[in-house]
Structures are given as C-alpha cells and as structure tokens.
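Trainee: One structure coming up, written as structure tokens, with questions to follow.
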Amino acid sequence: MKRSKLATLLLTAGLAALVPLTTAAETLRVVSWGGSYVRSQILGFIRPFEQSTGIDVEVLEYAGGIGEIRAQVESWNVRWDAVDLQLFDAIKACDAGLLEKLDPDTLPPAPDGTPAREDFIDGALTECGVGNVIGSTVVAYDSDQLPSEPTHLEDFFDTRKFPGRRALRRTPKVNLEWALIADGVEPDSVYAELETRDGVDRAFRMLDRIKPVLSWWRTGSEAVQLLESGKVAMSSVYSGRVHATADAQTPLKIVWDHQVWYLDVWSIPMNGENIDTAREFIRFATSTRSLANQAGYIPYGPARRSSMALLAPEVRRRLPTAEENFRTAFESDDRWWSENIDRLNHEFRQWLKREVMVPERLRR
Amino acid sequence: MALPVLLVASCASSMVQADERDEEIERLKAMIAELQQRVEALEADSAVGDEALTGAERADESGTLPLEEATDEGIAFTGAVRYNFSADEDSIDSKRGESGFDLFRVGAEGSVDNFQVSAEYRFYSYMDTIHHGWIGYESPDYGAWQLGVSQVPFGILPYAAHNYWFGVPYYLGLADDYDLGLKYIKAIGNWDLQFAFYKNDELGDPSDLDRIAYDLVTVGEQANEETNQFNARAAYTFGNGVDAVHEVGVSARGGEIYNTITGDTGSHWAAAVHLDSRWRRWNFQLELARYAFDPANPATVNDDTVLVGAFADAYEIAAEGTVGVANVAYNLPIDSGFIDSVLLYNDFSIVHKDLDDAEDSMLNTTGAAIGIGPVFIYIDMIQASNMIYFANGSLAAGGETSWERLFNINVGYYW
C-alpha cells in the first residue's frame, strides 16, 4: 500500500512537472483584433492550423499598440506568441528591438512555385512582419443621387459635374493626400509636397472646394449610414463596408481610383516561449490557401497575389487588391504620418474653423 | 416452421430498420453540414459590422483627432465674457474713448432623445436678464417644436446684420427679437417654414426694461404691451449648395396690444420680404419690411408713436414705418497663421416713418469681425443719422439729419 501511494505520488509529481512543458509546447497564444475580423482568421486558418498540427491556439483580443508587447519583452515574461499588428506598429516595435526577425525565405512559396518574396505585394514583407490582409479607404457614392457614374478621385471634388453633399473622416489623413492627388500632384510626390507650407495650403484649398457641402464621420459605420440615409451623395469609406451594403441591394458603389491602402502584419514578440511554433503558425497563416480562406469570410484583400487566384471571381472583384481595383492604389505612409500627425492635426483644426462662405451665425 | 419464418422476418425487418436509420442519420448529417455552411456564410456576410475592422482601421478610428462636431447626444455648456471700447466725437476729445465690461453670459444647449434645450442668461454691469430659453422636441418626420423664450421668426435669420451694433430693425423690435411662446419649424424640400404663437414678451412683464430685445414697454402713460402674437415665415433656398446658396423669404407678424390703462386691445402687424445670398466668399442681404402699431391708448396719448424698451432704457418709435436693409460682407481667405477668420462688411439700414415731421433714421456700419481661436473681435465704424443713442437722434418724430460717428471695438472670449 505504501509502495502504491509512493508510486502515485511520484507519478503525480512527474505529471505536474510535465504539464507546463506540454502546455508551452502545444498551446499557442495568438493575439488579434477581435470581432468579425478575428472570426475570419479563426475560420480561415486558425482552425485548419489546429487540425493540421494538433497544436491548440488560444486567441486573445487586444486594442492595438505596442505597449503590452514592450512590457512583456522587457520583463522577459512574454505571454503573447504571435500578434496581428498594424504595419506602423510593427515597424516601430521592430526598430525598438521588441520583435523577432522574420526571414521571408522561410515562408512557403505560391502553389506555382513563385517565391514568397515575389508573391507578396510590395511592402507586405518587413523585417519583423509578414503581411496579412489589406484594407483600404475608397470613395463610395449613392448612384441614385448622382446624374452619372463618377470614375475618378477628381470627381469627388467636382461638385458641378457631381452635385451633392460629401463626407470625409474628420482627420487630415487620407484627405490631404487625396486633395493633392486630385489637384494634379503625382502620388509619389504627395508626402514631399505635404512637407512644405505651399503644399499644405494647396491641399486645404482643394478641400475648400467641397467644404460647404462636407459632413464628417468618425467610424466606418457612420460613413455608410450617411450614404444610406441619403444625407450625402459621396463619402470616403472603408471598402469592406460598402460591399456588404451593396450585397444588401442598396445603390452604393465604389470608386477604386486612388484608394488608400494599409496593411496588417503578423509578428512575434522577442523572448517568447514558443517562437518556433509561432513561426510555424505564421508560415501557415500567411500561406496562399490561408489568406484566400480568410478573404472568403471578410472582404479585405490577401497580401499574397497567388491567393487572389484561388478566390471566386465575385469575391475577387470586391477586394481592394483585385488587379483592376489596385491599379492606382496609393499606399498610406504610416511612418511619415507618425512624424507629421501633430503638425497636420493642428493645421487641420485651424482649417476647420475657416469657413469658405460667410458664416450664417457669428458669435454674439 | 413459424418460428424460423418469424425470426427471418424479424431479422429482415431489423435490417431494413437499420438501413433506414443509417439513411436518416446520413440525411441529418448532410442537413447539419448544410446548415453549418449557411451559418458560416451568414457570419461572413455579417462580417462588416462595427467590429469588422482591420487593425489599421481600428487604430485609425481611435486616432489622435477627436471629432469636434460629435453627433453624440448631450448638453453642452456655453458662455462668453466680453469687453467694449468705444469712441465718439465727444469722448475722443475728452478721454480718448470709453472702455468697460460688456457682459458675462452662460448658456446650455443640446439634446437627449430628440428632446432639445437651449438657454442663455446674460449679466451686464447694469442689469441681468434671460436672452432665450426653450425646450424643444425634434422629429425627422414632423419637424421641431420650441416652447419657451425663442427667437421670433421674422426677416433675415439669425441676424439682419453682421456688425456688433446691429441695424435699425433691431431697434424697432423687428430683428433678433425674443418672446415667450410656441414655435414650430419644418423643412420641406428647399422650403424652411416657421410658425409661432407668442403669448407675450420674453419676461411677461412689460414694465421691466431689463431685457435684450426691444418690445413694447409700459412707462407712464405709455401703457401698451404685446400679447397673442402670431408669426409665420417661409424661406426658399436655391443655388448649387457649394459656392452659391440663396434664400428668399417672406415673413408676417400680427398680434394684439393690450393697454393697461384703458383695458382695451389694439393691434399690430408687420411683414417683410428678404434675400440672403451667399455667393462664394460674398454675402448680400436685402430686406424690406413694413410695420404698424395701432394701440388703444387713452385719449391723452398720441397714437403716432409707441414706446419700446430694452437695456434698461425706453424710447419712442414711429407707430408706422417702412424699413430697409442692405448688407454686404466678404469672408477673407486665410491660409494659415494666428488668425482663423476675418469677415469684412458694410451694413446699411433705414427706417422711413409715417410721420409728417420725422426724418429718416439710418445706420451704416463698416467693420471687420475677426476670429482668433476662442476670441472674437468686432471692429466697427458706425455712422448714424437721426438714430437713437446717437446725439439727439430719434426713431420717432423730429431728430436731426447730421451724421454721427462712433468707433467701437468689442472683444469677447467664447466657449
């Protein structure tokens, strides 16, 4: 009896010692943004990853930023194995030494053998991040309110040819870039132009053209509501939202010309316990098939060109990365904005106060 | 014999039942699989809700610039403190002008569940009074109602002038007037319709001169008060809405005048047509109004004039007259720098009185309104002919035809 108890005790102790190792080896903690976005990831490649490898994935939600990563890495208590970061945060965290380096050559090639380096769209592979999905801001319009179909970004600023109210997000981002492009500035020169006083004034003068008919939105759903309610004829919107609305048979359509796109990437915090498993996960999650699967659940573009070929034509057509949609796409320079946002926020606030027409009501 | 047959039959029956069960199970599995697919498809379709954002979009939406025109419901508290400097020909010779505290005001406005409120109370060095105060309800389908002290819908709104001193209609009670009653506002296409019934003036006490809008007041033998007044205003807006917005409108006012001495009731009416045109950076305003007061005075009181009052003062105006307004303003383009806005203007207004021995009263104000953050400054050169508060000017009989000048600067901090 005593021997039996001793054996049980030893067995229990041995198992107890083994359990943390087992958990560390077979449970991967993946951090993403929650809601339908993470649902598309779970259905698109996290479940298949679990089935394929036998590794459990624990999905955690966060609200962005790199503060938590910094805290974990600096304390050598890293609980996050792989994190979905916006590109700018990934660049920033990488520069700060908070992320593992990721070698693009270890990523699986496209089904036709095209190396990953060539298969990912430009800018989607960085030192510490592997591109995931691409979202974009586009001009959308209510075709019932306009006399003809706008096709170019310039049409947004042309209220004579396309009368009606407009809406933009209340921020200088995107709006200033669009104003300059619509005013004839080459897309490659937009940020250089915004470095100058004349360039900023030029952008605001272009926005002045539509200022009397401008409404402002804060969240993506507000933009769609403004269009759906007929309060505005044209608005900037997040592209994915208009497709869902269009699916609901409303007359909302997209002008893809000079869509402003941005990227989410997968990264691995430094000093983690499961770095190799996390690398395996990212290889799986960013494979051609995985990214195509995700696009089936949410209308954002996969960062791989080869993923597009796996999608049904009707799905492909509504993605920002479809060839015909992406032709004039403009990449938002997050690094530039991080250095200039304070200055241009101030300028933007000042501009908001300056009415073009004589105000209806003065301060009394 | 029967037993084997029964056994065979039973086995056969069991096999058939097993096959059917298997088929049923397979069929249910297929249905479950199909339903699962449909659930996933529906989930994908609904993926574009508020939460269906990429990380970049989420970060973007929680960005650094707050919405200053947030549509969130709530009540905002407002206020202002203002100081004034003025110099007429007398004061410039003696003290090189006068300066002093103008006002301190507090207010609240906003809405909760379509119920609105707007109120403002003002403190001057010599009086304090309500400016306006109403509660309202607005429905997208049925228009807006305002109950309380609200701006009377008449002529060019909200103000028939750009300058700090306003124009002649204000001093006759025909502009920026506030009374106590019920107002209804409804927009139908390009039409803006306003109807109102005002039981009486904003204070309900015609003997109280501590008010900011001119009404009939009772002082001495002048004992008339406004009551049971109806207003209607229809304005039509046209233009492309971008750099040309033009409003034309007609207004009418009619009501009773109760005389507290005779106990009898007289009447008053007014009508106006107006144009308020915004074209690019220009604003042109024209208004023509006609008014008449027919009080039920005692025999000893002349019906040719009535007494109006505000700002702790009262004066007589012609009982009937024709009023004209012609204003022009230009909004200077400001690209950047310290100053947010500069509005240049010239406001002209006149009243021609239906009195044999009366001169016309005129105001012409040339000036600029400058906005610098929360600070707003009016710089006005006011020229007045036969205008109340200027030398011996009168809005009733008599007066003088010379032009008086007043230089005025008003500096206010608004929040």
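Listed in order, the protein sequences are those of chains X and G.
The opening position of the first sequence corresponds to residue 1 in the working numbering, with each subsequent residue numbered one higher.
The opening position of the second sequence corresponds to residue 1001 in the working numbering, with each subsequent residue numbered one higher.
By construction, the Cβ of each residue, glycine as well, lies at the ideal position given by its N, Cα and C atoms.
Because the structure is a prediction, the values reported are computed rather than measured.
(1) From Asn1190(G) to His1246(G), what distance separates their C-alpha atoms?
(2) Shorter than 7 Å from the beta carbon of Val30(X) to some beta carbon of chain G?
(3) Hey, how far is the Cα of Pro320(X) from the Cα of Ile298(X)?
(4) Does the separation of the CB atoms of Asn1346(G) and Val1328(G) fall below 7 Å?
(5) If you compare alpha carbons, which of Gln1285(G), Arg1290(G), Gly1220(G) is closest to Ser1207(G)?
(6) Since Ser235(X) is in the beta strand (DSSP E), which residue starts that stretch and which ends it?
(7) When you compare only the Cα positions, how much space is there between Thr1262(G) and Asn1302(G)?
(8) Along chain G, in chain order, which residues have C-beta atoms closer than 8 Å to that of Leu362(X)?
(9) Please name the residues in the segment 1267-1298 of chain G whose beta-carbon is closer than 9 Å to at least one beta-carbon of chain X, in chain order.
(10) Over the uninterrupted alpha helix (DSSP H) stretch that includes His152(X), give me the two end residues.
(11) Go ahead and pull the three-state DSSP assignment for Val357(X).
(12) Mind reading off the beta-carbon distance from Gly1367(G) to Met1387(G)? Whole number of angstroms is fine, and I expect it under 8 Å.
(13) Give me the residue from Thr219(X), Arg289(X), Arg349(X) with the minimum Cα distance to Pro111(X).
(14) Taking Cβ-Cβ distances shorter than 8 Å, what residues in chain X pair up with Asn1240(G)?
(15) Closer than 7 Å by C-beta to Glu127(X): which residues in its own chain qualify, once you throw out the five before and the five after it? Chain order, please.
(16) Could you tell me whether any non-hydrogen atom of the ligand FAD is closer than 6 Å to the CB of Asn325(X)?
(17) Give me the subset of the segment 336-359 of chain X whose CB atoms are less than 9 Å from a CB atom of chain G, sorted by chain position.
(18) Quick one: list the residues of chain X neighbouring Ile1334(G), beta-carbon separation under 8 Å, in chain order.
(19) Alpha carbon to alpha carbon, how far is Ser32(X) from Ala203(X)?
(20) Among Trp217(X), Glu193(X), Thr114(X), Ser221(X), which residue has its Cα nearest to the Cα of Gly240(X)?
(21) Would a check of beta-carbon distances place Pro302(X) closer than 7 Å to chain G?
(22) If I measure Cβ to Cβ from Leu252(X) and keep anything under 8 Å in the same chain, skipping five residues before and after, which residues do I get?
(23) Identify the residues that DSSP records as bridge partners of Ser1111(G): which are they?
(24) What residues from chain X crowd round Ala1119(G), counting only those whose CB sits closer than 7 Å?
(25) Kindly indicate which three-state DSSP category Val73(X) falls into: helix, strand or coil?
(26) Does any residue of chain G bring its CB to less than 7 Å from the CB of Ala25(X)?
(27) Excluding sequence positions up to five away, which residues of its chain have a Cβ less than 7 Å from the Cβ of Leu352(X)?
(28) Hey, quick one: how far does the beta strand (DSSP E) through Arg1278(G) stretch, first residue to last?
(29) Since Asp1179(G) and Val1149(G) should fall inside the 8 Å C-beta cutoff, what is the C-beta to C-beta distance between them, to a whole number of angstroms?
(30) So which residues of chain G does Val260(X) contact, with C-beta pairs closer than 9 Å?
(31) Between Lys231(X) and the rest of its own chain, which residues show a CB-CB distance below 7 Å, the 5 nearest in sequence each way excluded?
(32) Closer than 7 Å by C-beta to Gly1155(G): which residues in its own chain qualify, once you throw out the five before and the five after it? Chain order, please.
(33) Return the chain-ordered list of same chain residues with a C-beta closer than 7 Å to the C-beta of His1352(G), the five sequence neighbours on each side being excluded.
(34) In angstroms with no decimal places, state the Cα-to-Cα distance between Asn1392(G) and Phe1284(G).
(35) Relative to the C-alpha of Leu180(X), which residue among Asp201(X), Asp122(X), Phe162(X) is closest?
(36) Reducing DSSP to helix, strand and coil, say where Thr328(X) ends up.
Mentor: Once the coordinates are examined:
(1) Here residue 1190(G) is taken as the residue at index 190 of the second sequence, counted from 1. Here residue 1246(G) is taken as the residue at index 246 of the second sequence, counted from 1. Here the C-alpha atom of Asn1190(G) lies approximately 11 Å from the C-alpha atom of His1246(G).
(2) Translated into the one-based positions of the first sequence, residue 30(X) becomes position 30. By this cut-off, Val30(X) is not an interface position.
(3) In the first sequence, the residue the question calls residue 320(X) occupies position 320. In the first sequence, the residue the question calls residue 298(X) occupies position 298. Their backbone Cα atoms lie some 12 Å apart in a straight line.
(4) On the second sequence, residue 1346(G) is found 346 positions in, with the first residue counted as 1. On the second sequence, residue 1328(G) is found 328 positions in, with the first residue counted as 1. With contacts defined as CB atoms closer than 7 Å, Asn1346(G) and Val1328(G) qualify as a contacting pair.
(5) Taking the first residue of the second sequence as 1, we reach residue 1207(G) at position 207. Nearest C-alpha to Ser1207(G): Gly1220(G).
(6) Along the first sequence, one-based indexing puts residue 235(X) at 235. Boundaries of the beta strand (DSSP E) around Ser235(X): 234-238.
(7) Numbered from 1 along the second sequence, position 262 holds the residue referred to as residue 1262(G). Numbered from 1 along the second sequence, position 302 holds the residue referred to as residue 1302(G). Straight across, the Cα-Cα distance linking Thr1262(G) with Asn1302(G) is about 14 Å.
(8) Working through the first sequence from its first residue, we reach residue 362(X) at position 362. The answer, in chain order, is Tyr1159, His1162, Leu1343, Ala1369, Phe1376.
(9) Along the segment 1267-1298 of chain G, going in chain order, the ones with a CB nearer than 9 Å to a CB of chain X are Asp1276, Arg1278, Trp1279, Arg1280, Arg1281, Trp1282, Asn1283.
(10) Position 152 of the first sequence, counted from the start, is the residue given in the question as residue 152(X). In the DSSP assignment, His152(X) falls outside any alpha helix (DSSP H) and carries neither an H nor an E.
(11) In the first sequence, residue 357(X) corresponds to position 357, counting from 1. Note that residue 357(X) is Met in the sequence shown, not Val. Here Met357(X) sits in coil by DSSP.
(12) Locating residue 1367(G) in the second sequence gives position 367, where the first residue counts as 1. Locating residue 1387(G) in the second sequence gives position 387, where the first residue counts as 1. Their Cβ separation, rounded to whole angstroms, is 16 Å, which puts Gly1367(G) and Met1387(G) out of contact at 8 Å.
(13) Counting from one through the first sequence, the residue named residue 111(X) turns up at place 111. Ranking Thr219(X), Arg289(X), Arg349(X) by Cα distance to Pro111(X) puts Arg289(X) first.
(14) Stepping through the second sequence from its first residue, residue 1240(G) is reached at position 240. Below the 8 Å Cβ cutoff, chain X contributes Thr159, Arg160, Pro163 as neighbours of Asn1240(G), in chain order.
(15) Here residue 127(X) corresponds to residue number 127 of the first sequence, with the count starting at 1. Here the set comprises Cys94, Lys101.
(16) Absent from the structure shown: the ligand FAD. Ligands present: none.
(17) Flagged, chain order: Ile341, Asp342, Asn345, Glu347, Phe348, Arg349, Gln350, Trp351, Leu352, Lys353, Arg354, Glu355, Val356, Met357, Val358, Pro359.
(18) Looking up residue 1334(G) in the second sequence gives position 334. In chain order: Arg354.
(19) In the first sequence, counting from the first residue as 1, residue 32(X) sits at position 32. In the first sequence, counting from the first residue as 1, residue 203(X) sits at position 203. When rounded, the distance between both Cα atoms is 35 Å.
(20) Taking the first sequence and counting its residues from 1, one reaches residue 240(X) at position 240. The residue among Trp217(X), Glu193(X), Thr114(X), Ser221(X) with its C-alpha nearest the C-alpha of Gly240(X) is Ser221(X).
(21) Position 302 of the first sequence, counted from the start, is the residue given in the question as residue 302(X). Between Pro302(X) and chain G, the shortest Cβ-Cβ separation is not below 7 Å.
(22) If you number the first sequence from 1, residue 252(X) lands on position 252. Taken in chain order, the residues that qualify are Ala140, Tyr141, Asp142, Ser143, Val224, Leu227, Glu228, Val242, Thr245, Ala246.
(23) Reading the second sequence from its first residue, position 111 is the one you call residue 1111(G). Under DSSP, the beta-bridge partners assigned to Ser1111(G) are Gly1074(G), Gln1116(G).
(24) Looking up residue 1119(G) in the second sequence gives position 119. Under the 7 Å cutoff, chain X gives no residues; its nearest Cβ is about 15 Å from Ala1119(G).
(25) Position 73 of the first sequence, counting from 1, holds the residue named residue 73(X). Note: Val73(X) maps to helix in three-state DSSP.
(26) The residue you call residue 25(X) lines up with position 25 of the first sequence. Because the pLDDT at Ala25(X) is just 48, under 50, the model does not fix this residue reliably, and the point stays unresolved.
(27) Residue 352(X) sits at position 352 when you count from the first residue of the first sequence. Here the set comprises nothing.
(28) On the second sequence, position 278 is the one that residue 1278(G) refers to. Per DSSP, Arg1278(G) belongs to the beta strand (DSSP E) from 1265-1279.
(29) Here residue 1179(G) is taken as the residue at index 179 of the second sequence, counted from 1. Here residue 1149(G) is taken as the residue at index 149 of the second sequence, counted from 1. 7 Å between Cβ atoms; contact.
(30) For the purposes of this step, residue 260(X) is taken as residue 260 along the first sequence, with counting starting at 1. Near Val260(X) there are no residues of chain G at all, since even the closest Cβ is about 10 Å away, more than 9 Å.
(31) Translated into positions along the first sequence, residue 231(X) becomes position 231. The residues are Arg165, Ser215.
(32) For the purposes of this step, residue 1155(G) is taken as residue 155 along the second sequence, with counting starting at 1. Cβ within range, chain order: Pro1169, Leu1174, Ala1175, Ser1251, Ala1272, His1274, Glu1287, Ala1289.
(33) On the second sequence, residue 1352(G) is found 352 positions in, with the first residue counted as 1. Sequence-distant partners of His1352(G) (beyond 5 residues in either direction) whose C-beta falls short of 7 Å from its own C-beta, in its chain, are Gly1321, Thr1322, Asp1360.
(34) The residue you call residue 1392(G) lines up with position 392 of the second sequence. The residue you call residue 1284(G) lines up with position 284 of the second sequence. Distance between the alpha carbons of Asn1392(G) and Phe1284(G) is about 31 Å.
(35) Taking the first sequence and counting its residues from 1, one reaches residue 180(X) at position 180. Checking every option, the nearest Cα to that of Leu180(X) belongs to Asp201(X).
(36) Stepping through the first sequence from its first residue, residue 328(X) is reached at position 328. Coil, per DSSP.
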